[in-house]
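Notes to accompany the following structure.
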Amino acid sequence: MNNPAVVHVRDLAAGYGAREVFRDVSFELHAGRALGVLGPSGAGKTTLLRILVGLIRPTAGQVRIDGMSPRLAVTRVPVGYFAGEATLPGAVRASRWGSLGTGAVITAERRRIRTLSRGTRQLLGLRTVFGRQSLRVLVLDEPWEGLDPDAERWLSTMVETKRDRGAAVILSSHRLHDLAGVCDAYLFLVKGRGTLMHAQQISSVGPVTAAMLTRAFDTLRGGSACYRAAC
Amino acid sequence: MTRMTALAYFGVASLHSPLMMLGIAAVGSVTALTLLLDGQAGTRAVVPVVIVQLFAASTGFAVRARRGHLDLLLTGGTSRSRVAVAHLVMSAAPGLIVWLLVGLVEFAGRPPRLTVWTSGSAAAMALVSGISWAVTVPFPRLSGAIGWTLLGVTILTIVPGAPVAVSGGAAGPGLTPVLVIACPFSVAGRSLAAGDALGVGSALGVAAAAVAGALLWITRADVALEAAQ
Numbered sequence: 000m001n002n003p004a005v006v007h008v009r010d011l012a013a014g015y016g017a018r019e020v021f022r023d024v025s026f027e028l029h030a031g032r033a034l035g036v037l038g039p040s041g042a043g044k045t046t047l048l049r050i051l052v053g054l055i056r057p058t059a060g061q062v063r064i065d066g067m068s069p070r071l072a073v074t075r076v077p078v079g080y081f082a083g084e085a086t087l088p089g090a091v092r093a094s095r096w097g098s099l100g101t102g103a104v105i106t107a108e109r110r111r112i113r114t115l116s117r118g119t120r121q122l123l124g125l126r127t128v129f130g131r132q133s134l135r136v137l138v139l140d141e142p143w144e145g146l147d148p149d150a151e152r153w154l155s156t157m158v159e160t161k162r163d164r165g166a167a168v169i170l171s172s173h174r175l176h177d178l179a180g181v182c183d184a185y186l187f188l189v190k191g192r193g194t195l196m197h198a199q200q201i202s203s204v205g206p207v208t209a210a211m212l213t214r215a216f217d218t219l220r221g222g223s224a225c226y227r228a229a230c
Numbered sequence: 000m001t002r003m004t005a006l007a008y009f010g011v012a013s014l015h016s017p018l019m020m021l022g023i024a025a026v027g028s029v030t031a032l033t034l035l036l037d038g039q040a041g042t043r044a045v046v047p048v049v050i051v052q053l054f055a056a057s058t059g060f061a062v063r064a065r066r067g068h069l070d071l072l073l074t075g076g077t078s079r080s081r082v083a084v085a086h087l088v089m090s091a092a093p094g095l096i097v098w099l100l101v102g103l104v105e106f107a108g109r110p111p112r113l114t115v116w117t118s119g120s121a122a123a124m125a126l127v128s129g130i131s132w133a134v135t136v137p138f139p140r141l142s143g144a145i146g147w148t149l150l151g152v153t154i155l156t157i158v159p160g161a162p163v164a165v166s167g168g169a170a171g172p173g174l175t176p177v178l179v180i181a182c183p184f185s186v187a188g189r190s191l192a193a194g195d196a197l198g199v200g201s202a203l204g205v206a207a208a209a210v211a212g213a214l215l216w217i218t219r220a221d222v223a224l225e226a227a228q
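Quick note, the sequences are listed as chains A and V, same order.
Here the first sequence stands for residues 0 to 230, numbered as in numbering that gives the first Met the number 0.
Here the second sequence stands for residues 0 to 228, numbered as in numbering that gives the first Met the number 0.
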């Protein structure tokens, strides 16, 4: 890979007060690549993603996006971030919220967000983020939550489109089948540690399947270090 | 790249509830009507505008941010400092607009003495807008206004002579900075004199410091999701 990494994370650690969430997280992500962040509930997936977009500062380590700190990068580089439908303000009308991405109308739905179904809210949030042009970094936290099969397919297509157009994509999920085959590398957050595995390390032939991810995940939970990969 | 402005964002995701906006409009209308019907209404007409601004400017930042409501804004290309200033402006704007409109109504009625557009009223509006907004930034909506009200009542109760001083009985020199902060309504409607400089000036200094501290807090604060902590 000749081009420099868009996202560079080194020896990252995070915590809330005295409670450590994770440490030793390192990875690089290049333009046009996708990283899946996997881990059980409470492993720190949301925390890691919020650090990447500058909403939280890590307790140790370094994050660089195009060579800048995340907080500076989000003001200079087009970054898309969505943490799920629960983060949408319920009192706002859907059509007005949708226009925040580009100013263009993405939905004619006039109802307030809180009155929409969960899947519709999730879709609204995703479409608002995807509406932003020329994304350099796309960070989605559990994006498949609440979506129906049609919307799931739409989301996978949109993620691939953004990635193929050069965005560095980071996706998180606690459901392994969501991320199977979608990503070029996988970061497992298990037992407070981050372990990076490239898709080729998990599956030497063909795409990564949910069963392969499950095996890797179980091995890491068992404490084996044999899947650890150099960053 | 399309950058959303913080003002546009808060225009869509309003910092004020519909009920609060209704309250502000109602108080403004009643005040304007009072001034039109009774040219001598004076100070007692403008105080409700100051009181409603105390609560209206108390919008809060941290709780909204921790729920993720500001994620799109905070990661959407706008610097934190601009977000902070826009939050202050949009929090204070409805009350200030009503104050200006009520003043316009009074001015149009050509009263013998202006009470809305006076230096004292301007100071009172600046105090309630600034301190109420700043104190509430790390807390839930209205908490700063409620806390300030309780503090003000307590101070007026325990400081000897305080009610007389704030009611104008001991005009000017009787107003200490503590009393002005405890009861900013005491200067509403008045034209400030040289004797008010220490009390009102110090109170405005405290308000400026509080606003500066809150702006800095927003630019530096970590925004963890409630559910992720």
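Built from N, CA and C at the ideal position, the CB exists for glycine as well.
DSSP three-state assignment for residue i, whether helix, strand or coil
i	result
Met3(V)	coil
Gln39(V)	coil
Gly124(A)	helix
Ala33(A)	strand
Leu149(A)	At residue 149(A) the sequence reads Asp, which differs from the Leu that was named. Helix.
Thr254(V)	Any answer about residue 254(V) is impossible in this case: the structure gives chain V only from 0 up to 228.
His86(V)	helix
Asp221(V)	coil
Arg92(A)	strand
Ala12(V)	coil
Val115(V)	coil
Leu195(A)	strand
Leu139(A)	strand
Arg117(A)	helix
Ala169(V)	Residue confidence for Ala169(V) is low, a pLDDT of 48 falling below 50, so the modelled location carries little weight; the figure read from the coordinates is stated next. Ala169(V) falls in the coil class under three-state DSSP.
Ala213(V)	helix
Arg65(V)	helix
Pro176(V)	helix
C-beta contact flag for residue i and residue j at 8 Å
i	j	result
Leu203(V)	Ala122(V)	yes
Ile50(A)	Leu11(A)	yes
Ser118(V)	Ala187(V)	no
Asp163(A)	Ala33(A)	no
Gly94(V)	Val51(V)	yes
Ala125(V)	Ala44(V)	no
Pro39(A)	His173(A)	yes
Val158(A)	Tyr80(A)	no
Ala15(V)	Thr74(V)	According to the sequence provided, residue 15(V) is His. The question's Ala does not apply to it. Not in contact: His15(V) and Thr74(V) (Cβ atoms no closer than 8 Å).
Ser94(A)	Arg111(A)	no
Val36(A)	Ile169(A)	yes
Pro77(A)	Ser133(A)	yes
Ala56(V)	Ser128(V)	yes
Thr101(A)	Gly130(A)	yes
Val24(A)	Gly193(A)	yes
Leu122(A)	Ala150(A)	yes
Amino acids of chain A, ordered along the chain, whose beta-carbon sits closer than 7 Å to that of residue i
i	result
Arg66(V)	Thr86
Met3(V)	Leu99
Leu73(V)	Leu54
Amino acids of chain V, ordered along the chain, whose beta-carbon sits closer than 9 Å to that of residue i
i	result
Tyr185(A)	Within chain V, no residue comes near Tyr185(A); the closest Cβ sits about 21 Å away, beyond 9 Å.
Within chain V, partners of residue i - CB distance below 7 Å
i	result
Trp96(A)	Val11
Val78(A)	Thr74
Val91(A)	Val11, Ala12
Listed by chain order, chain A residues near residue i by CB distance under 8 Å
i	result
Val222(V)	Arg49, Leu54, Ile55
Ser78(V)	Thr74
Partners in chain V for residue i, counting only beta-carbon separations shorter than 8 Å
i	result
Ala82(A)	Gly67, Asp70, Leu224
Check your understanding: Can you list, in chain order, the stretches of the beta strand (DSSP E) that have 3 or more residues and sit fully within the region 158-191 of chain A?
Key -> Counting only unbroken stretches of 3 or more residues, the beta strand (DSSP E) elements lying wholly within the region 158-191 of chain A are 167-172, 184-189, in sequence order.
Exercise for review: Evaluate contact between the region 78-98 of chain A and the region 110-127 of chain A, counting only Cβ atoms and requiring at least three cross-stretch pairs below 8 Å.
Suggested key: At 8 Å Cβ cutoff, the stretches touch.
Review point. What are the complete beta strand (DSSP E) segments, minimum 3 residues, inside the region 198-223 of chain A?
Key: You should have found no qualifying run.
Check your understanding: Are there three or more Cβ pairs, one per stretch, closer than 8 Å when the region 134-141 of chain V is compared with the region 58-65 of chain V?
Key -> Using a C-beta cut-off of 8 Å, the region 134-141 of chain V makes contact with the region 58-65 of chain V, since at least three inter-stretch Cβ pairs fall below that distance.
Point to revise | Inter-stretch contact at 8 Å, needing at least 3 Cβ pairs: the region 29-46 of chain V / the region 77-88 of chain V | key: No: the two stretches stay apart, fewer than three of their Cβ pairs being nearer than 8 Å.
Exercise for review: Please specify which runs of the beta strand (DSSP E), each continuous and at least 3 residues long, are wholly inside the region 1-83 of chain A, giving them in chain order.
Suggested key: Annotation note: the region 1-83 of chain A contains the following uninterrupted beta strand (DSSP E) runs of length 3 or greater, listed N- to C-terminal: 6-15, 18-28, 33-37, 59-64, 78-81.
Point to revise | Members of the region 100-132 of chain A near chain D, C-beta cut-off 8 Å | key: Among the protein chains of the structure shown, namely A and V, there is no chain D.
Practice item. Inspect the CB distances between the region 147-166 of chain V and the region 23-30 of chain V and report whether three or more fall short of 8 Å. Key: As far as the Cβ criterion goes, the region 147-166 of chain V does not touch the region 23-30 of chain V, which means the pair count is below three.
Check your understanding: When the Cβ atoms of the region 143-163 of chain A are set against those of the region 5-23 of chain A, are three or more pairs found closer than 8 Å?
Key -> Contact fails: fewer than three Cβ-Cβ distances are below 8 Å.
Point to revise | alpha helix (DSSP H) runs wholly inside the region 111-157 of chain V, at least 4 long, in chain order | key: Segments of the alpha helix (DSSP H) lying fully in the region 111-157 of chain V: 118-135, 142-157.
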